[in-house]
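Residue numbers (this note's numbering): 487 to 1229.
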């Protein structure tokens, strides 16, 4: 890391700033270069350089290309914190190459609702897996002298009414499920945290004193700055006094639209818009209901955006009113000083004031290979009756509405444009030794995005050739194996209406499976989907949104060049079986969404209620087979009062090929007087290992105190005395050995 100023030097610098200059450092401004998502102009007379902030959960998002990595849910599926750090390092390096100082990443909201439109940007339904993955990414970004910004703090678990809905959740539920991953990210060195749009307990998070000041800054010791989500600030005095440090974008919506290059005729409705009929150079802000841009109330397909967009009139509140609030005493100048010091301190920690040019690299061979590795390790083999891996000389029918496209990600602020990309057709045709026949079968499933309608419309791609399911059936009948690629549609600012695959994809799969018993289905989805044809096909792979390496990674897994290394970070189940299955729980009633399921989110719900998931959390098959030995304690203590516990288990590859196993640990704690139902077991950690045929190794897992504890209002985190059973296995439903830990 480059040289840093001392804190005394920052204090000296602060003393030189005028009130106007201080205010200019705590809100965004227009980036004249047009490369950044957010921009702080700096103070030239004091040699404070400008700051550029970039979107980036899946890659650095500017007006130039960058590596398009797989979706965050794919990264989490690897159950590999070291790989997460490598990804973070690559993200930071590419940010430097694009002259970006802050990455607005990672996204780590818990996957509470499988319908959430941004689940592909998040990690898991489990806070431990979310936290370890986020910590790896954060430490990697910060190691490249770039500020990491975990988001969206906190409980932004749906896109429907995200800018206004109030989350009604028990404090213990927040502490045990929704806050821990953010705590892990802060402990990993995050220099910034982004507040969410939503309310918690009726108060907007951007002005939530308990969450921003008492928990994040005081209890956790976070010394960095809190930045608002874009247009996610509802007041000046409330946000500043209660813990927000940086308002974004800091400019009005019309200024933001202008910086995006919007011209007359480029409107926010999906027909192009008529700016002559609008005030403020475009959007008629006077007619808006402060729930967002009027997209004619809908987007492509059945996606509803209107209640998923924030109020665009709030972007410039700090630039307009903060100085007056300080001069009137409504916001103490000491609080403004703290805001500025936190921002300058976080930037100084990554060497922002040093003269050294930061070295960066973009689209390197290493980054291309990393994108492929994340995609293969994140691919989960859900079912396999032996058809996979494919024989080199197999004749393959390659089918699917988008089989000639690389699925880069979902819609919204994570959209990234790559230098290169590979499609399933290109990947399989380049790897196959036998004949490959391509048939899309049905009409293309279109991408969706909240940005649809902003800027010039898409260029006419011309008429596509006609497609028919009969063509796909004929191709399947004439081939040894049929591989069907299916996809969903997901975007920021809107939730999926159902877990069914859009269009006629289910019918396509059923028709192909009836024609060829060796049918393999590859899911390119944002999260769980329903699989009504599951028992009719020979194999199912979940490879999420694989990014630029889509085709190459798919071919590597299908032909066995790479083991399908992923395990499910979420539970797959019928839509009606998930816990948020009432309107009060999702999407909410009368502006409130009630987290009445308490601690029973994801696999916790299925284990506690004995409901049967389609595929459980942690599930995933390898092309190899592994045997487990006994589990043992390997630390010194026999009866503990606290601290980490280490356990070890012998794992042997009993197959004739190399494979990757993810050893998972779950803790069943003793029952205690409780006002909330506890799940029978909770994920505590994992370790991944690759073994050749006949090889064995001892896998050690370190479980921290949180694995044995629970949160109480009276004492905070505490551990109940008695016997805690640590179970080890392949998933939350496939546990093969256990050991007791006394507390």
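A virtual CB, placed ideally from N, CA and C, is assigned to each residue, including glycine. Only a predicted model underlies this, so the values are computations on that prediction, with no experimental measurement involved.
Residue 1205 beta carbon less than 7 Å from that of residue 1229: yes
Separation of residue 899 from residue 685, as counted between CA atoms: 21 Å
Among 573, 560, 491, 577, nearest to residue 540 - alpha-carbon criterion: For the residues 573, 560, 491, 577, the minimum Cα distance to residue 540 belongs to 577.
Integer Cβ distance of residue 860 from residue 555, believed to fall under 8 Å: 6 Å
heavy atom of the ligand GTP below 6 Å from residue 896 C-beta: As for the ligand GTP, it is missing from this structure, which has no ligand bound.
Candidates 1090, 1109, 1223: closest to residue 1137 by CA position: For residue 1137, the nearest C-alpha among the options comes from 1223.
Beta-ladder partner(s) of residue 690, from DSSP: Paired residue(s): 685.
Per DSSP, cross-strand counterpart(s) of residue 1202: Listed as beta-bridge partners of residue 1202 by DSSP are 1198.
Residue 1154, DSSP secondary structure in three states: The three-state secondary structure of residue 1154, taken from DSSP, is strand.
Runs of beta strand (DSSP E) lying entirely within the stretch 619-685, each at least 3 residues, in chain order: DSSP runs (the beta strand (DSSP E)) wholly in the stretch 619-685: 652-654, 678-680.
Whole-Å CB distance - residue 606 paired with residue 896, under 8 Å assumed: 5 Å
Of the listed residues 619, 644, 651, nearest to residue 666 (C-alpha basis): The residue with the shortest Cα to Cα distance from residue 666 is 619.
N- and C-terminal bounds of the beta strand (DSSP E) containing residue 525: 524-526
Spatial neighbours of residue 673 in its chain, beta-carbon cut-off 6 Å, leaving aside the 5 residues before and after: Nothing listed; no residue qualifies.
Close beta carbons around residue 1134, own chain, < 6 Å, minus the five adjacent residues each side: 1118, 1120, 1184, 1186
Short Cβ contact (7 Å threshold) for residue 1087 with residue 611: yes
Cα-Cα separation, residue 868 to residue 1177: 21 Å
Sheet register partners of residue 552 (DSSP bridge): None, per the DSSP bridge assignment.
Whole-angstrom distance between residue 731 and residue 723, CA atom to CA atom: 12 Å
Residue 1172 burial status per 10 Å Cβ neighbour count (16 or more: buried): buried
Per DSSP, cross-strand counterpart(s) of residue 973: 1010
CB contact flag (residue 719, residue 800, <7 Å): yes
Straight-line Cα distance separating residue 1052 from residue 1109: 12 Å
Nearest residue (CA-CA) to residue 647, options 1112, 1155, 1074: 1074
Environment of residue 532 [buried if 16+ CB atoms lie within 10 Å]: exposed
Span separating the alpha-carbon of residue 600 from that of residue 662: Straight-line spacing of the CA atoms in residue 600 and residue 662 works out to 20 Å.
N-terminal and C-terminal residue of the beta strand (DSSP E) that residue 999 is part of: Per DSSP, residue 999 belongs to no beta strand (DSSP E); it is in the alpha helix (DSSP H), 991-1001.
Member of 553, 598, 884, 710 whose CA lies at the smallest distance from the CA of residue 835: 710
Boundaries of the alpha helix (DSSP H) in which residue 1220 is found, first to last residue: Premise fails: residue 1220 lies in the beta strand (DSSP E), 1220-1228, not in any alpha helix (DSSP H).
Local conformation of residue 776 per DSSP, three classes: At residue 776 the pLDDT is 34, less than 50, meaning the model places this residue with poor confidence; the figure from the coordinates comes in the next sentence. Looking at residue 776 - three-state DSSP - the assignment turns out to be coil, as it is neither helix nor strand.
Residues that DSSP places opposite residue 1036 in a beta bridge: None, per the DSSP bridge assignment.
Buried/exposed call for residue 1067, threshold 16 Cβ in 10 Å: exposed
Where the alpha helix (DSSP H) through residue 825 begins and ends: 819-835
Sub-7 Å separation of residue 934 and residue 991 beta-carbons: Against a cut-off of 7 Å, the Cβ pair of residue 991 and residue 934 comes out as no contact.
Nearest residue (CA-CA) to residue 717, options 560, 697, 696, 683: 683
Within 7 Å, strictly: CB atoms of residue 855 and residue 1037: Contact flag unset, no.
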